Structures are given as C-alpha cells and as structure tokens.
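Chains as they are written, first to last, in my numbering: chain A, 1 to 483; chain B, 1001 to 1483. Cβ coordinates follow ideal geometry from the N, Cα and C atoms, glycine included. Fair warning: this is a prediction, and the values are worked out from it, not measured in the lab. Remarks on the structure that follows.
2 protein chains.
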Amino acid sequence: MSKIKSKNSLDMTSEEFKEYGYQLIDWVADYLDNIEKYPVLAQIKPGEVKSQLPGKAPSNGENFDRMIDDLNKIILPGVTHWNHPNFMAYFNSTSSGPGILGELLSAAFNANGMVWKSNPSGTELEETVLNWFREIIGLPSNYFGVVYDTASVSTMHAIAAAREYTGLDVRTNGMTGLPKMILYCTEQTHSSIEKAALTLGIGLNGIRKIATDENFAMLPDKLEEAIKEDRLNGYHPFCVVATIGTTSSTAIDPVDAIANICAIEKIWLHVDSAYAGVTAMLPEMKNFFKGMEKADSLVINPHKWLFVPVDFSILYTSKPDVMKRAFSLVPEYLKTTEESVINYMDYGIQLGRRFRSIKFWFVLRYFGVEGLQQRLREHLRLAKLFAGWIDENPNFERLAPVYFGTICFRANPNNNLKEDQLNVLNEKLLNVINETGKIFLVHTKLKGKFTIRLVISGLRMEERHVEFAWKLINEKLNELKNQ
Amino acid sequence: MSKIKSKNSLDMTSEEFKEYGYQLIDWVADYLDNIEKYPVLAQIKPGEVKSQLPGKAPSNGENFDRMIDDLNKIILPGVTHWNHPNFMAYFNSTSSGPGILGELLSAAFNANGMVWKSNPSGTELEETVLNWFREIIGLPSNYFGVVYDTASVSTMHAIAAAREYTGLDVRTNGMTGLPKMILYCTEQTHSSIEKAALTLGIGLNGIRKIATDENFAMLPDKLEEAIKEDRLNGYHPFCVVATIGTTSSTAIDPVDAIANICAIEKIWLHVDSAYAGVTAMLPEMKNFFKGMEKADSLVINPHKWLFVPVDFSILYTSKPDVMKRAFSLVPEYLKTTEESVINYMDYGIQLGRRFRSIKFWFVLRYFGVEGLQQRLREHLRLAKLFAGWIDENPNFERLAPVYFGTICFRANPNNNLKEDQLNVLNEKLLNVINETGKIFLVHTKLKGKFTIRLVISGLRMEERHVEFAWKLINEKLNELKNQ
C-alpha cells in the first residue's frame, strides 16, 4: 500500500505517475508472463462485474491503489484473454510489448493529427510506415495508405469511394433519384460489407451475392453474368468486394480474374484482406495475392495478425484523389496554409485521429521484417500440422482448405451420423470445450454444416498449445461419445 | 545504453518489457513535467520528419534503445504539443496521468469487446461508467450510452438512427426511390454533420441551414417554417441537429424550443455537445442545457475537455432500439447465447471495439466528480477573466458571447479600420503569434470577420498561461502597428 498523496490541483504529479506507472508496467509484464494461468474465456455470469461496481462515481478523488485493487479483484476475472495462446477464436489478435509501449506514448502525446500542422510527426510517421509496409507486402508505389480504426470503417470508406467513382455526385445530391446501385460479393464476404451498404444508403438489397465454388471462392463467370443482367435491368453496378481470406473459412476469391472484369466494366474493386493480407509479406504466399495490385482499394489489419494492439487497420488505394473527393470538407477553423502536405482528415469521416503510427513503427522495428516473417511462418506451419492431425483421424473431418492459419473442421466419428446429428454433436462439442475455459474456439456454418474454427495467429502460441488443443478436443469428443 | 538482449522467438521478454517500460514511464513523466520547454506548435517544415526516417523497414529487429533515440531526435521536434498549457487552439484536448495509465492497460489486454462474451468486463465497465456519467450530467435513466471513437462517428450513427426512425426501411432498400430526406442545422453546425450527410447518401443538398440570431443560435421559428415548406415540396424532414457549444463560437441553439418542434413534427433531434457537454456537470451551467433531456440522441466527448486521452466519444440515446434496428447484423461466427447482455457491436458499424472504458473509469475515480468540477470551473473563470481583458481594451473587440472556455475576438485598434483591413490585420496577427511557437491559436470567421479563437480547456492551464497569452497578443499587435 502506497502512501496517500495530496491531490495536485492540475494533473497527477510526476512522482505519482512514475510510482503507479512502474506498478502498472510490472502488472502488465506479470500478466503477460502468467497469461496461461488464467481461463482464456472469462468464467463469469452476465452482470457479475457490474454488480461489484458502485452505482455512482466517487465525489472525491480516490487513491490509485484502490483502482489497482479493483482491477485485480473485479475486472481481471471478467476479461476474456485475447493474449492467451489458447485463444483460437474469431481472428485472434494479440498485442506485443513494443506495440503496448507505443500505445503508451500515443496516449501521452494525445496529439490529434487531423491536419499536418496539428501533428506533423504523426502525419509523416504514418506516411512513412505505411510506405514501408506497402513495399513489404509488394504493392506498387502508386498506392496511398490511410490508417482507420477498424476494417469495418476502412471498408465503408472504400465503398463510399466506389460510389464517388461512379461520377454520379452522390456527395452533393445523395442517393435519392439515382438508379439503384449494386455491390457484388459472396455469401462468405464479411458482415462489414453489409453494414457499409446499410449505412451508405445503398441498402441490403443493393448487395448481390455471387455464387461460389466448392472452396467458397467467387465464380468470376457468375459475376460477369450478374453485372450484365443488372445493367439490362437499369441498375448501376458500382463495386465488387473480393476477399483474400474470408472470415468463415479463409476462402480466396480469384482477384486477378475479378479485377479484369472490373476493369472492363469500370467498376471499383475493393479487396478485403484484413486478416490474411499480412502474409503477403512471405514470398511463398504470393500466389494467393495474384491481382492484388489491380485493386482500387485494399484493406489489411496489422492489429489482427501482426501484433499491433487494436486498433490499426490500413486502407491502401490507387485512387486517393477519389477518396479525397468523396470526403474532403474543410471548415474555416481547419484551414491551413502548408502546401504539399497530407491532411489525413481529407480522407475520411473521422476528424480526430490518434497518433497510431508510433505503435506500428515500434513493432516493425523491434521485430524487423524477418522477425515478423518468421512468426507468421511458424503459425502457418502449426496450422498445417493441426490440419494434418484432423485429416488423419477418422473421428474428424476438415471442411475447408487451410491456406493460412485457420482450420475449419468438425467431428464426424467414423462417418456414420446424419447431417442434423452431426450439427447437434458439434455444437455440443464446442460448448463443452469452451466451458473448460482452457481453450476458446468459435463456430461458423459452411454449406449448412456446423463448423468449428481453430485460428492460429497469437504471438505467444507454440506447438505445445496446438497439441494441447488437439488433446482436449479429442478428450471432449470421447466424453460425448461415451455419454 | 542498455545491454542488447537476444530476441525471444515470441514477444519481448518480461525483463525487457519492464526495462523499457520504466524508461518510457520516466520519459512520459519528464515530458509532461517539462512540457512548457517545448514550442507548442511544431517548428518544422513539411517533410522534415519524413526525410530523417529510412526508406525501408529494417530486416532485422532493432534494439529498443534506438527507437527511444529516434523518438527524441526525430519525432519529438515534429510534435505539436496538445498537452502544452499554451495550446489554445481548436478545442484543445489534454490527457491526464490516470487516463494515460488506463490506455496502457487497454493496449495490454487488447480485448475486443464486439460481443459481451469476448470482453465481459469491458462491456460491463462501459455500461457502468456511462451510467455514472449520465447521472453526473443529469440525463434521465432511459438514456443508453455507447462509446465511439470520435464525435464525427457518434454523430453519423445518430443521423443514421434518425433515418431509420422514419420507418422508410432504408436499411433494406437504400435511399434510391425515396423522397429527398432533409436534415436541419445552422451555418455554425460542425462539419461532421456534412460529412455524415455525404456518407449516408443524404447528400450535402439534403442539409438545410436555418438562420441564426445575433449570437449564432438557431431561430426556432425559421426551423418551423422550413419544415413546413419542405413538407409542402414533397421532401421528408427527418433530423434536426442542435448544438450546445458550436465549434466556431460555442453558440447555444435553443434546444428546448427545438425539441418541442421536433416532437410535434416527429423528427429525430440530435444534440451535439461534444465540446461543452461536460459542463453539464456543473449545477450553475444547467440553464445552457435546457431541453437536453428531450433529445433523441446526444454526443459528449470526454476526450475533449475531461482529460481522457483521445479517443472517447459518448453517444447517449433515449431510443437504443432504433439504433440497434439501424445497425444490428449478426453473422454466424458472432452468434452468442447469453441473454440480457449488451453486445455493443449491435449499435454500430465498428465490429472491433477497444477496452476504452478503463481510462474513463480511472479518470472519474482519480479526480472524483468534485475534482473534475473544480477544474472545469477554473477554466470557466479564466475564460471570463480573459474576456474581461478584451472588453476593457480599446485595441480589441469580442465577437461572440463567452459561455464556456472559448473566447472569440479580434484586434480592432480604436475602431478605426475598415472591415477588409481588419481581416488582413487579424490574419497577420494570428500568424505572427503562432510563429513564435509560444502559444497556438486558430481562427474562424464570424459574419465575415476574421476571428481569433482562444480556448481554455487544458488540464495544465493556469492563470499565468492566460496572462502570458494576453501579453504576447498585445506585444505582437503593437509590433504590427509600429511597422
């Protein structure tokens, strides 16, 4: 227990900041060191955290020790630990030491880079690290990058740029009175595309889902047909969203073929590679990204699989002028006189922009390109290893190709249950696995089949964790079979 | 120079994290302690930061010491210091010790609270602190809060909810084929409303700007007339944005009267109080917020004037069901079974949600409600003090009422220059002031007059800083007069 300090009339004193800063640095170091001691999925009931917190804010300032106590007693038990190496749900994202320290600085500067002038270093560092990364993933130099908070927001900006690209001046006139605009994707495309469509006034019925092949990849012929049909019906096709690494099964749409159709049809091509895009860093993965350099816009999230704390989503576009035309709007109090600078506010909705580039700069420099490549390669190796175990075991079945670090599978003991029985069995299996709190997985549905997804992308994930998961999954399946 | 550690194959070791974590805690403490030694506005030329950074990311990981060196040598000189007590531009926002430490934890947890299950503590702490704050500012308990990153995004969500509230099912059908929707605000309303309109497909010409009185406040009679006229013309009035504390001059629209019109007309009322809303904490300021409790939605940014690091914008709404109807969309892999929990992803575009509530929790508890009130009151006192100096001095003129912490003024020496001469003089004056790097102010235009804005909201701001600013402004004006 620390001595109680008298409260300064301004901020916390620097002595106090150091005292509690050191304590929290230790806290974080111990937390990450001991992460495996916690249940990965919070083992609490709804309302349990809330009920322990007071109903009102305190009138008088409290000692920081009390906050640290409550952090340990109330908050920690209710956290689902994304940094846990057995967190294999969603697209797991983990933070790294250099990323966390970068975020500390970003909060300390608290500099809002809406215009160059309001944070020159933030603006130019963002430009620099996005250029570094552009080159690392092999995008040509005509691509301009902008950081947004999440892929959902990056994507919405991309689709708004696609709308602007039609030349119909939606910016001024809105959508009323225009022909119905149509966006193309597949059933497998991320829900953020639907959220973007409903937000932008395109409407969910402005989305046309193109049929996919047996590996859940868009069929370009079907896309071509759909566009022609829609034009005949007086609709206005304006955007195709292709995905490299879909959320359900990490399917890969044939971007190169799709890009050629978009070029002929003069339709904006947005490529969603929020999850898998980081693997474009690996020369041996280049074939999955064929045609990427023909995209009008492309989203990649270093906060997903590159150990940068949330949030950090990059949108690259070969048409920054269109992005700017869609969004730029400068009120008097934001007019500045510097020439040939980037004012990032011109490229989006958000005026406030945190100094996010520091954490990415730290991560790229601390690990180095080769260090990051090595970690990604290890995840890809572990995914193939796990997929091999599934394939060799008569109790299990793989339900999608393993291109990246995600394995879609289900229990299918000796292939002798019906589809509806399998769905019931696998849902039960997933629940009993997650109830242990030892690993955390989520499901999806592929062709109506209840599918378990296991994602390998955590910074602290080693072979032993994948072995542990495999053992637990087998144990739980055996228990269910013996019931 | 620290000893070079061998790189772990996973994350930074905890020893290394502690070593550099302590160094950066010291760095931040010293930075904030010595903030007044830096020029407030970065004194660099465009490109100066960029040119010192290498063209490529390093192949091999670097020692953290080198990053700290570059931070000092390259980054720091290019930062505009928002924490500087002489930063009196825009709506200054400053971070506080407890807020910075909260952000450190948020980055460490890196927990993504898209659904309750993926971060139960994050979800329930957000609910709790937003309820605390709701009560502090005097909003009734039927208001539901959601944290977004910025006011621009909060506002866009509010306007999308307004659109949903029309019952025209824009979500499904989009805007094509619907009557033209009209949103009402004033010339003084923040540019984010225009960005929202162009994004949502309403279009800039779907915004109708209502005339204002001599203090830049919306005239309710004119609003009423405009709505009637638009209905007669077959348009669909759907949203009014009223502001308590506009960006240019902190004008106050008569929310109570506007709310009554909206109720009769069944139009959604959004209240933008991103800047000034925090002063609803003070009983003596309540009169400025009359009718606030009739708003359908209301935005307040604790990251603006409550010492919470960017980003933290709160949207309160009395119609959370409409918000949810506008945005909820749950793909298979995000389906969860817990009942009566909040899944915050249902209320917006962004799926990824940082654990932002920690920093607000820390700030509210560390300072306490009275501690925060005391700091706001001091800022209000200083603003009145500065306004008094302007009013008493024949060389200056005040151009708007001072309700909060912002003073709009211009030099007008003995009232003997013409309007265009005054504009030239004041633009020059602002430039020479900012060129000193000692204080940072921005301008606006009010009724065509070039207006200097001085904003008092920084956590580290004391009377001596306001005195210093006043002295410098006078000195620079005298220099210009003697040229």
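Just list the residues that DSSP pairs residue i with in beta bridges.
i: A/I300; result: A/I314
i: A/V28; result: For A/V28, which the question treats as bridged, DSSP gives no partner whatsoever.
i: B/G1145; result: B/Y1316
i: A/Y366; result: The partner list for A/Y366 (beta bridge, DSSP) is empty, contrary to what the question assumes.
i: A/I182; result: A/P237
i: A/L269; result: A/V240
i: A/F566; result: Since the displayed chain A opens at 1 and closes at 483, residue 566 of chain A lies outside it and no answer follows.
Report all residues from its chain with a CB closer than 7 Å to the CB of residue i; omit the five preceding and five following residues, and keep chain order.
i: A/N142; result: S318
i: B/K1428; result: L1480
i: A/A326; result: A160, A161, E164, R171
i: B/M1175; result: G1201
i: A/V79; result: A42
i: A/M88; result: I439, F440, L441, L454, V455, I456, A469
i: A/I252; result: A217, I244, G245, F288, Y403
Suppose the cutoff is 6 Å on Cβ atoms and the five residues either side in sequence are ignored; what does the same chain contact list for residue i look like?
i: B/K1222; result: I1210, A1211
i: B/V1322; result: A1161, E1164, Y1165
i: B/L1168; result: L1178
i: A/M461; result: P85
i: A/M488; result: Lying before the first or after the last residue shown, residue 488 of chain A is absent from chain A, which here runs from 1 to 483.
i: B/G1277; result: I1300
Using C-beta distances below 8 Å, list every residue in its chain close to residue i, excluding the 5 sequence neighbours before and after it, in chain order.
i: A/A383; result: V402, F404, G405, T406, I407, I456
i: B/L1198; result: L1204
i: B/S1273; result: T1243, I1244, G1245, A1280, F1289, M1292, L1298, V1299, I1300
i: A/K3; result: Bear in mind that a pLDDT of 43 at A/K3, under 50, signals an unreliable position, so the number given afterwards is only what the model happens to contain. Cβ within range, chain order: n/a, list empty.
i: A/M1; result: Low local confidence applies: a pLDDT of 37 at A/M1 is under 50, so the model's placement there is unreliable, and no value is given.
i: A/K471; result: none
i: A/S6; result: Below a pLDDT of 50, predicted positions are generally treated as unreliable, and A/S6, at 44, falls in that range; no measurement from the model is reported.
i: A/K445; result: S248, T451
i: A/E463; result: L382, L385
i: B/I1068; result: Y1020, Q1023, L1024, W1027
i: B/Y1235; result: P1179, K1180, M1181, I1182
Taking only the alpha-carbon atoms, compute the straight-line gap between residue i and residue j and give it to the nearest angstrom.
i: B/I1025; j: B/T1013; result: 18 Å
i: A/G47; j: B/V1442; result: 46 Å
i: B/L1105; j: B/I1358; result: 8 Å
i: A/E224; j: A/M218; result: 11 Å
i: A/K195; j: B/M1156; result: 13 Å
i: B/F1396; j: B/L1425; result: 12 Å
i: A/E16; j: B/P1098; result: 10 Å
i: A/I74; j: B/V1146; result: 21 Å
i: B/N1112; j: A/K304; result: 11 Å
i: A/D213; j: A/F307; result: 33 Å
i: A/T189; j: A/V255; result: 14 Å
i: A/W268; j: B/M1114; result: 29 Å
i: B/N1092; j: B/I1193; result: 20 Å
i: B/N1110; j: A/F312; result: 12 Å
i: A/S95; j: B/A1107; result: 7 Å
i: B/E1475; j: B/N1482; result: 11 Å
i: A/T337; j: B/N1060; result: 40 Å
i: B/C1262; j: B/I1314; result: 22 Å
i: A/P140; j: B/A1295; result: 49 Å
i: B/A1057; j: A/E124; result: 15 Å
i: B/K1447; j: B/T1250; result: 15 Å
At a threshold of 8 Å, does residue i count as lining the ligand NAP (C-beta to nearest heavy atom)?
i: A/P283; result: Ligands in the displayed structure: none, and consequently the ligand NAP is not present.
* To do: Quick one: which unbroken beta strand (DSSP E) runs of 3-plus residues sit fully inside the region 1381-1459 of chain B? Chain order, please.
  => Counting whole runs of 3 or more residues, the region 1381-1459 of chain B contains the beta strand (DSSP E) stretches 1396-1398, 1406-1411, 1442-1446, 1449-1455.
* To do: Would you check if there are 3 or more beta carbon pairs closer than 8 Å linking the region 1430-1437 of chain B to the region 1355-1367 of chain B?
  => Using a C-beta cut-off of 8 Å, the region 1430-1437 of chain B makes no contact with the region 1355-1367 of chain B, since fewer than three inter-stretch Cβ pairs fall below that distance.
* **Sequence ranges, beta strand (DSSP E) only - wholly within the region 188-254 of chain A, length at least 3** => The qualifying runs are 207-210, 236-243.
* To do: Say whether the region 1333-1353 of chain B touches the region 79-86 of chain A, bearing in mind that this needs 3 or more beta-carbon pairs closer than 8 Å, one atom from each stretch.
  => Contact annotation: the region 1333-1353 of chain B does not touch the region 79-86 of chain A, with fewer than three C-beta pairs closer than 8 Å.
* Would you call the region 346-357 of chain A and the region 370-390 of chain A touching, i.e. three or more CB-CB distances under 8 Å? -> Verdict: no, contact absent.
* Asked: What are the complete alpha helix (DSSP H) segments, minimum 4 residues, inside the region 29-108 of chain A?
  -> Counting whole runs of 4 or more residues, the region 29-108 of chain A contains the alpha helix (DSSP H) stretches 64-70.
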